Amino acid sequence: MKKIKCKVCGTRFVGTKEALYLATEKTAVLTALTTPAKAFECFDCPKCGCQNAVNVRMAAVMDSGDEEDEADG
Ligand SMILES: [Zn+2]
């Protein structure tokens, strides 16, 4: 469990994984084509309700299908 200090009001609260949610920045289409999507792991402060982003999560890169065949045996 993570202790989080609200950057707005200073309240300390425990960030449970149930309360964690991902938020993404809105980007222009052109930006989205060249920049990988980025998501922030966020908690809402129980006291003031402000969003506290605690971590940046990058989007997983999809495999392009250029993978080696696995020989069984
Ligand atoms: Zn707060």
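One rule links them: number in our numbering = place in the sequence shown (from 1) + 266.
Where a beta carbon is used, it is the ideal one built from N, C-alpha and C, also for glycine.
None of these values were measured; they are calculated from a predicted model.
May I ask you to list the residues that DSSP assigns as paired with residue i?
{"i": "Cys308", "result": "Tyr287, Ala319"}
{"i": "Lys268", "result": "Gly281"}
According to DSSP, is residue i part of a helix, a strand, or is it coil?
{"i": "Val280", "result": "strand"}
Less than 9 Å separating the beta-carbons of residue i and residue j?
{"i": "Ala305", "j": "Ala294", "result": "no"}
{"i": "Asn318", "j": "Asp329", "result": "no"}
{"i": "Pro312", "j": "Phe279", "result": "yes"}
Do you know whose CA, among the options, lies nearest residue i's CA?
{"i": "Leu286", "options": "Met324, Asp329, Val320", "result": "Val320"}
{"i": "Cys272", "options": "Glu284, Cys308, Glu291", "result": "Cys308"}
{"i": "Gly315", "options": "Cys275, Lys269, Leu296", "result": "Cys275"}
{"i": "Lys283", "options": "Leu296, Lys268, Lys292", "result": "Lys268"}
Between residue i and ligand 1, is there a pair consisting of the residue's CB and a ligand heavy atom that are separated by less than 8 Å?
{"i": "Cys308", "result": "no"}
Below 6 Å from a heavy atom of ligand 3 - residues by beta-carbon: As for ligand 3, it is missing from this structure, which binds only ligand 1.
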